[in-house]
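Residue numbers for the sequence shown follow full-length UniProt numbering, beginning at 1 and rising by one.
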Amino acid sequence: MEKILDHREIRHGRVLAHEVSLHYAECGDPANPLMLFIHGFPEAWFAWREQMRHFGDRYHVVAVDTRGINESDKPGEVEDYRIKPLVKDIVALIEALGHDRCILVGHDWGGAIACAVALEAPHRLLRLVLINAVHPVLFARQLLRNPAQQAASQYMLDFRRENFAETVQQDDCAYLKAMLSENGNRPDWLNDTALQEYRAAWSRPGTVASGLNYYKATALYPGNDAQLAEVADANADAFILRMPTLVLWGTGDRYLLAGCLDGLEQFIPDLQLHTRDDASHWIAHEKPEWINTMIETFALGARAGE
Numbered sequence: 001m002e003k004i005l006d007h008r009e010i011r012h013g014r015v016l017a018h019e020v021s022l023h024y025a026e027c028g029d030p031a032n033p034l035m036l037f038i039h040g041f042p043e044a045w046f047a048w049r050e051q052m053r054h055f056g057d058r059y060h061v062v063a064v065d066t067r068g069i070n071e072s073d074k075p076g077e078v079e080d081y082r083i084k085p086l087v088k089d090i091v092a093l094i095e096a097l098g099h100d101r102c103i104l105v106g107h108d109w110g111g112a113i114a115c116a117v118a119l120e121a122p123h124r125l126l127r128l129v130l131i132n133a134v135h136p137v138l139f140a141r142q143l144l145r146n147p148a149q150q151a152a153s154q155y156m157l158d159f160r161r162e163n164f165a166e167t168v169q170q171d172d173c174a175y176l177k178a179m180l181s182e183n184g185n186r187p188d189w190l191n192d193t194a195l196q197e198y199r200a201a202w203s204r205p206g207t208v209a210s211g212l213n214y215y216k217a218t219a220l221y222p223g224n225d226a227q228l229a230e231v232a233d234a235n236a237d238a239f240i241l242r243m244p245t246l247v248l249w250g251t252g253d254r255y256l257l258a259g260c261l262d263g264l265e266q267f268i269p270d271l272q273l274h275t276r277d278d279a280s281h282w283i284a285h286e287k288p289e290w291i292n293t294m295i296e297t298f299a300l301g302a303r304a305g306e
């Protein structure tokens, strides 16, 4: 087993969740409250290692490989990656881990899934943490009405192209490495050891194609105006997150612009929002100590029963 600290270790397991076998990593005592982390694209469970280190002595910390990614099963159809089965996966995982409720943390696509879980199964959440992740109604509004966000999201159209997975995998997945970099420079957090771990995940057969299926399955992409309008103009009451929610945001995000935060308080009555101008989409890697402190302070309310 991989040692995280002298008194902690990462354990790996699998659960059959909604007919898909999901791989997860965990640490801490399963008798403690569950803190569940969901990664985005193009990442995997190990994106949360710093958080596992920090919270493993007080929580049952679990980081999942979402369906199609890394060591989890890879269904072959695009419809297998729509939001409803993704939500069912997480709810089934919480139950399989022996918990009724959890503190749910998501980044990027993981945040989109976490937000959907909060809407579909609010009784499963104690608290919600979204890290550079969008509320669906606000994202739809930005894609429909904000030319800057439309431009920033053009990559989604590439991801929806047939056989684009082959392009992504060329030159040892140089495209994905560039996604994790800023201004063409590999960031300090993406050292050789970390990059090797990412490449190992990307090289697993089906992982890249499955990751792109998330983008093929969603209705929220530039130019899909009819369906974007349906979401953007939907009844707001159906999209309210009714649990304490912490939103952490790096304003240097080149994929999700700060306009995605406009109107957030309409959908999250119990909102704590913290932004940093010195961080990007990859804020969890760039500012791990700050992220951990923010989550820790926020999570204390759940432990105190607030």
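The beta carbon of each residue, even a glycine, is placed where N, CA and C say it ideally should be.
*Output the boundary residues of the alpha helix (DSSP H) element that contains M52.*
The sequence position of residue 52 within the sequence shown is 52, counting from 1. From DSSP, the alpha helix (DSSP H) with M52 extends over 49-55.
*Cα-Cα separation, I94 to G28*: Here residue 94 refers to the residue found at position 94 of the sequence shown. Here residue 28 refers to the residue found at position 28 of the sequence shown. So the two alpha carbons sit approximately 15 Å from each other.
_Beta bridge counterpart(s) of L36 as assigned by DSSP_ = Residue mapping note: residue 36 aligns to position 36 of the sequence shown, counting from 1. Its beta-bridge partners are V62, L104.
*Using three-state DSSP, classify Y215 as helix, strand or coil.*
The sequence position of residue 215 within the sequence shown is 215, counting from 1. Of the three classes helix, strand and coil, the one that applies to Y215 here is helix, per DSSP.
*Are there 16 or more other CB atoms within 10 angstroms of the CB of A112, so buried, or fewer, so exposed?*
Reading the sequence shown from its first residue, position 112 is the one you call residue 112. A112 should be labelled buried.
*Give the range of the beta strand (DSSP E) segment to which C260 is assigned.*
Indexing the sequence shown from 1 puts residue 260 at position 260. Annotation for C260: no beta strand (DSSP E) segment contains it, and DSSP assigns it neither H nor E.
*Based on the DSSP secondary-structure assignment, which residues constitute the bridge partners of W249?*
Counting from 1 along the sequence shown, the entry for residue 249 is found at position 249. Looking at the DSSP output, W249 bridges to T275.
*Excluding five sequence neighbours on each side, which residues of the same chain lie with their C-beta closer than 6 Å to the C-beta of A63?*
In the sequence shown, residue 63 corresponds to position 63, counting from 1. Hits under 6 Å: A25, F37, W45, W48.
*In the DSSP assignment, find the beta strand (DSSP E) that holds Y24 and state where it starts and stops.*
Within the sequence shown, residue 24 is the residue found at index 24, counting from 1. Note, Y24: beta strand (DSSP E), 20-27.
*If you draw a straight line from the alpha carbon of H99 to that of L34, how long is it in whole angstroms?*
Reading the sequence shown from its first residue, position 99 is the one you call residue 99. Reading the sequence shown from its first residue, position 34 is the one you call residue 34. Looking at the backbone, the Cα of H99 and that of L34 are separated by about 7 Å.
*Express the C-alpha separation of G40 and N213 in angstroms, rounding to a whole number.*
As a working note, residue 213 is residue 213 in the sequence shown. As a working note, residue 40 is residue 40 in the sequence shown. The alpha-carbon atoms of N213 and G40 are separated by roughly 13 Å.
*Contact check, L220 vs A140 under 8 Å by CB: the rounded distance?*
For this step, residue 220 is matched to residue 220 along the sequence shown. For this step, residue 140 is matched to residue 140 along the sequence shown. The pair is a contact, with the Cβ atoms about 6 Å apart (cut-off 8 Å).
_Using the three-state DSSP reduction, which class does G184 fall into: helix, strand or coil?_
Locating residue 184 in the sequence shown gives position 184, where the first residue counts as 1. In the structure shown, G184 sits in coil (DSSP, three-state: anything other than H, G, I, E or B).
*asked:* If the criterion is Cβ atoms closer than 7 Å, does the pair V134 and L256 meet it?
replied: Looking up residue 134 in the sequence shown gives position 134. Looking up residue 256 in the sequence shown gives position 256. A Cβ-Cβ contact shorter than 7 Å links V134 with L256.
*asked:* Tell me which residues share the same chain as F239 and place their Cβ nearer than 8 Å to its Cβ, disregarding the 5 neighbours each side in the sequence.
replied: As a position in the sequence shown, residue 239 is number 239, starting the count at 1. Counting only Cβ-Cβ distances below 8 Å, and skipping sequence neighbours, we find L119, H135, P136, V137, F267.
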